[in-house]
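What follows is a set of notes on a single structure, which appears directly below.
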Amino acid sequence: TDFNETEKEQINQSIDQAETKEMDRWMDYRDIFKNNIDYEGLMQHYEAYVPEILEIMVETVCSKAQYFRINGSKVPAERVRERLLSLNFMDIEYVLEALLDNTSKIQNVRAYLLATLYNAPKTINTYYQNRVNHDLYSKQKQGW
Numbered sequence: 034t035d036f037n038e039t040e041k042e043q044i045n046q047s048i049d050q051a052e053t054k055e056m057d058r059w060m061d062y063r064d065i066f067k068n069n070i071d072y073e074g075l076m077q078h079y080e081a082y083v084p085e086i087l088e089i090m091v092e093t094v095c096s097k098a099q100y101f102r103i104n105g106s107k108v109p110a111e112r113v114r115e116r117l118l119s120l121n122f123m124d125i126e127y128v129l130e131a132l133l134d135n136t137s138k139i140q141n142v143r144a145y146l147l148a149t150l151y152n153a154p155k156t157i158n159t160y161y162q163n164r165v166n167h168d169l170y171s172k173q174k175q176g177w
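The sequence shown begins at 34 in our numbering and counts up by one.
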């Protein structure tokens, strides 16, 4: 079938509008995350890592996928989005500290970070309690 120039122009405008709307959606989520996690505050201490984490969060929330693989399990995308949108400064700082403390080789850094971000609200308290216990036990063992 032949399209006349008006029809082609309308199709191109529709595509441009859809792309613009999608870009706006990504920018909106980027701004939401920056606010939620105090992006500027994190950048003062973790400048090399924060932009990458932000992009993983935005890409995941804006993805059209129905499921994400987290720790080897299929997790509904909506649950992952909710969890990522609930993250704050302390959660991201915890993820970064855990990453920097890790000495084992990470095969898939993106998958590792997504799993760590997803799990952060549920594991942060145990992580810090374990660090306190370790520090106290180490000092007692040394005779403090």
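We put the CB at the ideal spot given by N, CA and C, even for glycine.
### Query
Going by beta carbon distance, what residues of the same chain come within less than 8 Å of Leu133, once the five residues before and after it are set aside?
none
### Query
Which word fits Thr159, buried or exposed, when buried means at least 16 other C-beta atoms lie within 10 angstroms of its C-beta?
exposed
### Query
Just to confirm, are Met90 and Leu117 a CB contact at a threshold of 9 Å?
yes
### Task
Look at the Cβ atom of Ala148, then the Cβ atom of Asn104, and state whether they are nearer than 9 Å.
yes
#### Entry: Residues near Tyr62 by beta carbon distance below 7 Å, same chain, minus five either side
Val91, Val94, Cys95
### Task
Decide yes or no for the touch test of the stretch 64-74 against the stretch 106-122: beta carbon pairs closer than 8 Å, at least 3 of them.
yes
### Query
Going by C-alpha distance, which of Asp49, Tyr151, Thr156, Arg58 is nearest Ile86?
Tyr151
### Task
Using alpha carbons as the reference points, say which of Met56, Tyr100, Asp57, Glu126 lies closest to Leu75.
Glu126
#### Entry: Separation of Lys138 from Glu111, as counted between CA atoms
30 Å
### Query
Ends of the beta strand (DSSP E) at Ile103?
100-103
### Task
Let me know the secondary structure DSSP gives Lys97 once reduced to three states.
coil
#### Entry: Residue nearest to Ala153 in terms of C-alpha spacing, selected from Asn166, Asp64, Val113, Gln99
Val113
### Message
Under DSSP, the beta strand (DSSP E) around Lys107 begins and ends at which residues?
### Response
106-109
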